[in-house]
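*Asks:* Chains A and B are the protein sequences, given in the same order. Residue numbers are given in numbering that gives the first Met the number 0: position 18 of the first sequence equals residue 17, and the series is strictly consecutive. Residue numbers are given in numbering that gives the first Met the number 0: position 28 of the second sequence equals residue 27, and the series is strictly consecutive. Backbone N, C-alpha and C fix where the C-beta goes; we use that ideal spot for every residue, glycine too.
Protein chains: 2
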Amino acid sequence: MARKRFDDSNCSVARALNEVGDWWSLLIVLQAMYGTRRYVDFQQELGIAKNILCDRLSRLVDNEVLAKVNVGEHGARYEYRLTDKGRDLFPVVIALRQWGDKWNPAPDGSALDLRDRATGRPIGQMHVSDADGKPLTVRDVFMPEPADDAG
Amino acid sequence: MARKRFDDSNCSVARALNEVGDWWSLLIVLQAMYGTRRYVDFQQELGIAKNILCDRLSRLVDNEVLAKVNVGEHGARYEYRLTDKGRDLFPVVIALRQWGDKWNPAPDGSALDLRDRATGRPIGQMHVSDADGKPLTVRDVFMPEPADDAG
DNA sequence: CCAATTCGGTTTCGTAACGCAACCCTATTT
DNA sequence: AAATAGGGTTGCGTTACGAAACCGAATTGG
Chain A
0 MARKRFDDSN
10 CSVARALNEV
20 GDWWSLLIVL
30 QAMYGTRRYV
40 DFQQELGIAK
50 NILCDRLSRL
60 VDNEVLAKVN
70 VGEHGARYEY
80 RLTDKGRDLF
90 PVVIALRQWG
100 DKWNPAPDGS
110 ALDLRDRATG
120 RPIGQMHVSD
130 ADGKPLTVRD
140 VFMPEPADDA
150 G
Chain B
0 MARKRFDDSN
10 CSVARALNEV
20 GDWWSLLIVL
30 QAMYGTRRYV
40 DFQQELGIAK
50 NILCDRLSRL
60 VDNEVLAKVN
70 VGEHGARYEY
80 RLTDKGRDLF
90 PVVIALRQWG
100 DKWNPAPDGS
110 ALDLRDRATG
120 RPIGQMHVSD
130 ADGKPLTVRD
140 VFMPEPADDA
150 G
């Protein structure tokens, strides 16, 4: 059978994973956040097969995470740029990055070094928080009935 | 060739995706956060094939995201419980959930309703922030050289 | 202007993963 | 003792993934 899709799931995590839940999509988005815009640059920097890259870029464009814009002067030359929707994945990527740095630190010990452009100071640890900004753990929150979560 | 693995990538996002970057793993973690602990409950609530569930649970246990504990009184009966590492995925899951709710709202309009157990108030929107808690966008931060990011 | 290279893919083909259904053994319930 | 539930494993067909080859348009170099 086909891989299970979650388009119509009533769980937003499942719907989100449907768009960026495969091995490559989030890495492409991350790379785009680093400033990469060109097909060949994605391909070389990620080491991804060209057909897979094509497929993922198309899907990300279809899902409006990236926008494909023709920047050619004389003919066609393309750039893939983050949309607002794509930029909104920033917290997801950073949360994942911080988790990875904490629990699977790099062999060479290098961790996330991401700094505020204005102040030069490192960014803070991400956390789920209440309306006042007080950090909450999974045990502090009350999850409503998931009903039919991911079927 | 085998699916590309990212175990040894020097990018922590890639390493994180190596552990929870497939279609099901994060949904299993989410379900565990809802309180599900038993094999059969995961299977029914997620609608996942049993062999896939076995494989994912094993991998999550191997990666110490879940712990498999024998809770049988007379014989073997198992529970899969979140470890600290698994609970630390909370910000990732919530960030993904909020993104999904914002950009792919449920057909019935129901969005995330997750509340502080203590106050009953809904949780806040997640964001990347500086040391003082000031929200930062992807444009506000300075990304250091990714070097050899995800190869 | 012609040749070489780059860009942005598509095609081919072999392998790995996924999904379903069926089966199995051990506990527990009736 | 029989039936059912828990926790898997095995087969098998379909789909996705990955590498490399190929391709046409655009650019670069001479």
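So what does DSSP say about residue 68 of chain B, is it helix, strand or coil?
*Replies:* Strand, per DSSP.
*Asks:* Decide if residue 138 of chain A is buried, meaning its Cβ has at least 16 other Cβ atoms within 10 Å, or exposed.
*Replies:* By the neighbour-count rule (16 or more Cβ atoms within 10 Å), residue 138 of chain A is not buried but exposed.
*Asks:* Output, in chain order, the set of chain A residues within a Cβ distance shorter than 7 Å of residue 114 of chain B.
*Replies:* Chain A residues near residue 114 of chain B: 140 and 141.
*Asks:* Residues of chain B with CB under 9 Å from residue 126 of chain A, in chain order?
*Replies:* Those within 9 Å of residue 126 of chain A in chain B are 89, 90 and 125.
*Asks:* Please state whether the Cβ-Cβ distance between residue 52 of chain B and residue 140 of chain A is less than 8 Å.
*Replies:* Not closer than 8 Å, so no.
*Asks:* Should residue 37 of chain B be flagged as near chain A, meaning a C-beta pair shorter than 8 Å?
*Replies:* False, the Cβ-Cβ gap to chain A never drops below 8 Å.
*Asks:* Determine whether the Cβ of residue 61 of chain B lies closer than 8 Å to any Cβ atom of chain A.
*Replies:* Chain A contact via Cβ: absent.
*Asks:* Helix, strand or coil, according to DSSP, for residue 61 of chain A in the structure here?
*Replies:* Residue state, collapsed to three classes: helix.
*Asks:* Hey, how far is the Cα of residue 128 of chain A from the Cα of residue 76 of chain A?
*Replies:* Roughly 44 Å separates the two Cα atoms.
*Asks:* Check whether the region 119-127 of chain B touches the region 66-82 of chain A, taking contact to mean three or more Cβ pairs, one atom from each stretch, closer than 8 Å.
*Replies:* The answer is no - the region 66-82 of chain A does not touch the region 119-127 of chain B, with fewer than three Cβ pairs under 8 Å.
*Asks:* Does DSSP classify residue 14 of chain B as helix, strand or coil?
*Replies:* If DSSP states are grouped into helix, strand and coil, residue 14 of chain B belongs with the helices.
*Asks:* Please compile the residues from chain A whose C-beta is within a distance smaller than 7 Å of the C-beta of residue 14 of chain B.
*Replies:* What residue 14 of chain B touches in chain A: 99 and 103.
*Asks:* What residues of chain A sit near residue 68 of chain B, judged by a beta carbon separation below 9 Å?
*Replies:* Simply none; closest approach about 18 Å.
*Asks:* For residue 85 of chain A, which of A:10, A:24, A:49 and A:13 has the nearest alpha-carbon?
*Replies:* That would be A:24, whose Cα lies nearest to the Cα of residue 85 of chain A.
*Asks:* Within 10 angstroms of the Cβ of residue 30 of chain B, are there 16 or more other Cβ atoms? Answer buried if so, exposed if not.
*Replies:* By the neighbour-count rule (16 or more Cβ atoms within 10 Å), residue 30 of chain B is buried.
*Asks:* Anything in the region 76-87 of chain A with a Cβ closer than 7 Å to a Cβ of chain B? List those residues in chain order, please.
*Replies:* Against chain B - using a Cβ distance shorter than 7 Å - the residues of the region 76-87 of chain A are 84, 86 and 87.
*Asks:* Quick check on residue 136 of chain B: buried or exposed, where buried means 16 or more other Cβ atoms within 10 Å of its Cβ?
*Replies:* Counting Cβ neighbours within 10 Å, residue 136 of chain B comes out exposed, since fewer than 16 surround it.
*Asks:* State buried or exposed for residue 57 of chain A, treating a residue as buried only when at least 16 other CB atoms are found within 10 Å of its CB.
*Replies:* Exposed, because fewer than 16 other Cβ atoms sit within 10 Å of the Cβ of residue 57 of chain A.
*Asks:* Is residue 11 of chain B close to chain A, meaning its C-beta is less than 8 Å from at least one C-beta of that chain?
*Replies:* Yes, because at least one Cβ of chain A sits closer than 8 Å to the Cβ of residue 11 of chain B.
*Asks:* Closer than 8 Å, CB to CB, is residue 65 of chain A near chain B or not?
*Replies:* Answer no: the Cβ-Cβ gap between residue 65 of chain A and chain B never drops below 8 Å.
*Asks:* Among residues of its own chain, excluding the 5 on either side of residue 18 of chain B, which ones have a beta-carbon nearer than 6 Å to its beta-carbon?
*Replies:* Excluding residues within five positions, the ones whose Cβ falls inside 6 Å are 62.
*Asks:* Check each candidate in B:39, B:48 and B:67 and name the one with the smallest Cα separation from residue 78 of chain B.
*Replies:* Nearest of B:39, B:48 and B:67 to residue 78 of chain B, Cα basis: B:67.
*Asks:* In angstroms, rounded to a whole number, what distance separates the CA positions of residue 26 of chain A and residue 36 of chain A?
*Replies:* Their backbone Cα atoms lie some 13 Å apart in a straight line.
*Asks:* Can you have a look at residue 21 of chain B and say buried or exposed, based on whether 16 or more other CB atoms are within 10 angstroms of its CB?
*Replies:* Label assigned to residue 21 of chain B: buried.
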